[in-house]
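To convert, take the position in the sequence shown, counting from 1, and add 2; that gives our numbering.
Glycine residues also receive a C-beta, built at the ideal position from the N, C-alpha and C atoms.
Note sheet for the following structure.
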Amino acid sequence: MPQQLDAALAQVRALLLDPGLTRAVAAGRRRGQLPTVVRAELRPVALKSGAQLQIVTDDGARPHTRNVTPGPEADEAVDALLAEPFGNWHVETATATLQLRVTKRGEAQLHRVAAQRAAAPATAHDRSREHLLDPGDPLFTAIGGSAAKRRQVDAFLRALAATLPAALTGPLRVVDLGCGNAYLSFAAYRYLAGRGIDVELVGVDVREDQRRRNTALAAELGYADRVRFVAGTILSATVEPAPDLVLALHACDTATDEALARAVRWGARWILAAPCCHHDLAAQLRTRPAPDPYEPLVRQGILRERFADVLTDSLRAALLRLHGYRVEVVEFVDSQHTPRNLLLRARHTGAEPTDRQRADYLALTGDWQVTPRLQTLLDQQP
């Protein structure tokens, strides 16, 4: 429920000056107003001279760091930041996490969640142990916090962080196609909101029971006004407005192609897709003669399946490049945790494909006599 902005900012101020502060981020802007900096981050640091509050502000060109002493100096610095017309505040302490968003009407939407266990404040000497999402975050209590899941979440968030511009503040519209139980959806929202980004996320899954479960969990976490779920197929689910960032994480076989095709039709600025099983091209390879001298690559079933994995994702990346995307294919989590650890990371540049790119794609599909599902989908009328 909307609250008076001054009262909400007073709660933020109390947490910013609390000795248990872990980290805080301010970003975004209020309607019709512009802060003097695009982002501010606060965290406690331990220096030889004693405990300090570190404030890093970014003016869009480069970050500026200063340390202030708790007391009147810190009070003055915090008050100056609270006077800036930031659209979002995200504050973490040892006992609570608070998120404040300023609405278009100038009111405050405030969400406060108690921490499940106290976390030691981060210091300048803790860098090697720092996670993008703290292992003690209440989110892991809600979604299940096995060590393997936390490692996968952290690896995914690092790939996400490497994809988006550091100075991004939003608004950012995200859709997760084939979200399943949505633990990576929730982790993405939690991380992005923690960076001070004005983010809204929609999760799409074909199962109605998953929609109900995920919707209830979003309400439990206090995200209901920013994270929602719809039941439907990847190709037909209603998602409005069109997203800026499309996620497709372990969508099986041609479901990944469907997600990529929708992302291209939307003109999404960024795409992160982690393919799962690859059956479509493997089935085509079984019925086509291999070009000389590559028949040994597909003679044995296990080699044909593995080659089909590589060929499928190579052609997916090539098709995205033909549609104006810069594409990287990276390993986003160690193979000891999951064999399906490939990530297609794409950014829309609008660049026209080169003649060489077109020729290479046509030669590859022609020599192997295959038609990728993604090509079929992109060739169809929208």
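Fill in: Environment of C181 [buried if 16+ CB atoms lie within 10 Å]
As a first step, residue 181 must be located in the sequence shown, where it is residue number 179. Classification for C181: buried.
Item to complete: Answer yes or no: do Q111 and P243 have a C-beta to C-beta separation smaller than 8 Å?
Response: Residue 111 sits at position 109 when you count from the first residue of the sequence shown. Residue 243 sits at position 241 when you count from the first residue of the sequence shown. Contact annotation: Q111 and P243 have beta-carbon atoms that are not nearer than 8 Å.
Fill in: Residue span of the beta strand (DSSP E) that contains R349, given as start and end
What you label residue 349 is simply residue 347 of the sequence shown in a count that begins at 1. For R349, the enclosing beta strand (DSSP E) covers residues L344 to H350.
Worksheet item: In angstroms, rounded to a whole number, what distance separates the CA positions of Q35 and R358?
Response: Sequence index remark: in the sequence shown, residue 35 carries index 33 (1-based). Sequence index remark: in the sequence shown, residue 358 carries index 356 (1-based). Each residue's Cα considered, the two are about 47 Å apart.
Practice prompt. Could you tell me which of P298, R45, T258 and L345 sits nearest to Q154, measuring between CA atoms?
Written response: Within the sequence shown, numbered from 1, the residue matching residue 154 stands at position 152. Among P298, R45, T258 and L345, the Cα nearest to that of Q154 belongs to L345.
Item to complete: Using three-state DSSP, classify G52 as helix, strand or coil.
Response: Numbered from its first residue, the sequence shown carries residue 52 at position 50. In the structure shown, G52 sits in a strand (DSSP, three-state: E or B).
Worksheet item: Does the Cβ-Cβ distance between V177 and V248 come in under 8 Å?
Response: Walking along the sequence shown from the start, residue 177 turns up at place 175. Walking along the sequence shown from the start, residue 248 turns up at place 246. Contact flag set, yes.
Discussion item. Going by beta-carbon coordinates alone, are R318 and L274 separated by less than 8 Å?
Written reply: Counting from 1 along the sequence shown, the entry for residue 318 is found at position 316. Counting from 1 along the sequence shown, the entry for residue 274 is found at position 272. No, Cβ-Cβ distance for R318 and L274 is not below 8 Å.
Worksheet item: When we look at the beta-carbon of L18 and count the other beta-carbons within 10 Å, is it buried (16 or more) or exposed?
Response: The residue labelled residue 18 in the question sits at position 16 within the sequence shown. Buried, because 16 or more other Cβ atoms sit within 10 Å of the Cβ of L18.
Worksheet item: Is K151 near the ligand FAD, with its Cβ less than 7 Å from a heavy atom?
Response: Because no ligand of any kind appears in the structure shown, any question about the ligand FAD cannot be addressed here.
Worksheet item: If we call anything under 8 Å between Cβ atoms a contact, is G89 one with G30?
Response: Residue mapping note: residue 89 aligns to position 87 of the sequence shown, counting from 1. Residue mapping note: residue 30 aligns to position 28 of the sequence shown, counting from 1. Cβ distance < 8 Å, so G89 and G30 count as in contact.
Fill in: alpha helix (DSSP H) segment containing L11, residue limits
Position 9 of the sequence shown, counted from the first residue, corresponds to residue 11. Here the alpha helix (DSSP H) through L11 covers L7 to L18.
Fill in: Three-state secondary structure assigned by DSSP to A63
To locate residue 63, count along the sequence shown from 1; it is residue 61. A63 sits in coil when the DSSP states are folded into three classes, being neither helix nor strand.
Worksheet item: What is the residue span of the beta strand (DSSP E) that D362 lies within?
Response: Numbered from its first residue, the sequence shown carries residue 362 at position 360. Per DSSP, D362 belongs to no beta strand (DSSP E); it is in the alpha helix (DSSP H), D357 to W370.
Worksheet item: Apart from the five residues on each side of it in sequence, which residues of its chain come closer than 7 Å, Cβ to Cβ, to A195?
Response: On the sequence shown, residue 195 is found 193 positions in, with the first residue counted as 1. Cβ within range, chain order: H92, Q101 and V201.
Worksheet item: Is DSSP giving P298 helix, strand or coil here?
Response: Translated into the one-based positions of the sequence shown, residue 298 becomes position 296. Residue state for P298 is assigned as helix, using DSSP reduced to three classes.
Worksheet item: Does DSSP put T256 in a helix, a strand or coil?
Response: The sequence position of residue 256 within the sequence shown is 254, counting from 1. Helix.
Discussion item. Need the endpoints of the alpha helix (DSSP H) that D311 sits in, please.
Written reply: Working through the sequence shown from its first residue, we reach residue 311 at position 309. From DSSP, the alpha helix (DSSP H) with D311 extends over G303 to L324.
Worksheet item: Would DSSP call A85 helix, strand or coil?
Response: Taking the sequence shown and counting its residues from 1, one reaches residue 85 at position 83. Three-state DSSP puts A85 in coil, outside helix and strand.
Fill in: Proximal residues to D255 (C-beta, below 8 Å), its chain only, five neighbours per side dropped
Residue numbering aside, residue 255 sits at position 253 when the sequence shown is read from its first letter. C278, C279, H280, H281 and D282.
Practice prompt. Taking 8 Å as the cut-off, decide whether the C-beta atoms of L237 and R264 are in contact.
Written response: One-based indexing of the sequence shown puts residue 237 at position 235. One-based indexing of the sequence shown puts residue 264 at position 262. Yes, the pair counts as a contact, with Cβ atoms nearer than the cut-off.
Worksheet item: Applying the criterion that 16 or more other CB atoms from any shown protein chain within 10 Å of the CB defines a buried residue, is R288 buried or exposed?
Response: Translated into positions along the sequence shown, residue 288 becomes position 286. Its Cβ having fewer than 16 others within 10 Å, R288 is exposed.
Fill in: A116 (DSSP reduced to helix, strand or coil)
In the sequence shown, counting from the first residue as 1, residue 116 sits at position 114. Looking at A116 - three-state DSSP - the assignment turns out to be strand.
Item to complete: Would you tell me roughly how many angstroms separate the C-alpha atoms of F188 and L141, rounded to the nearest one?
Response: For the purposes of this step, residue 188 is identified with residue 186 of the sequence shown, where counting begins at 1. For the purposes of this step, residue 141 is identified with residue 139 of the sequence shown, where counting begins at 1. Their Cα atoms are separated by approximately 8 Å.
Fill in: Selection from T71, A184 and R103 that minimises the alpha carbon distance to K50
Locating residue 50 in the sequence shown gives position 48, where the first residue counts as 1. Checking every option, the nearest Cα to that of K50 belongs to T71.
Discussion item. Alpha carbons only, please: which of R197, T171, L251 and A226 is nearest the one belonging to D207?
Written reply: Residue 207 sits at position 205 when you count from the first residue of the sequence shown. Of R197, T171, L251 and A226, the residue nearest in Cα terms is L251.
Fill in: Counted within 10 angstroms of its Cβ, other Cβ atoms place A353 as buried (16 or more) or exposed
In the sequence shown, residue 353 corresponds to position 351, counting from 1. Exposed, by the Cβ-count rule.
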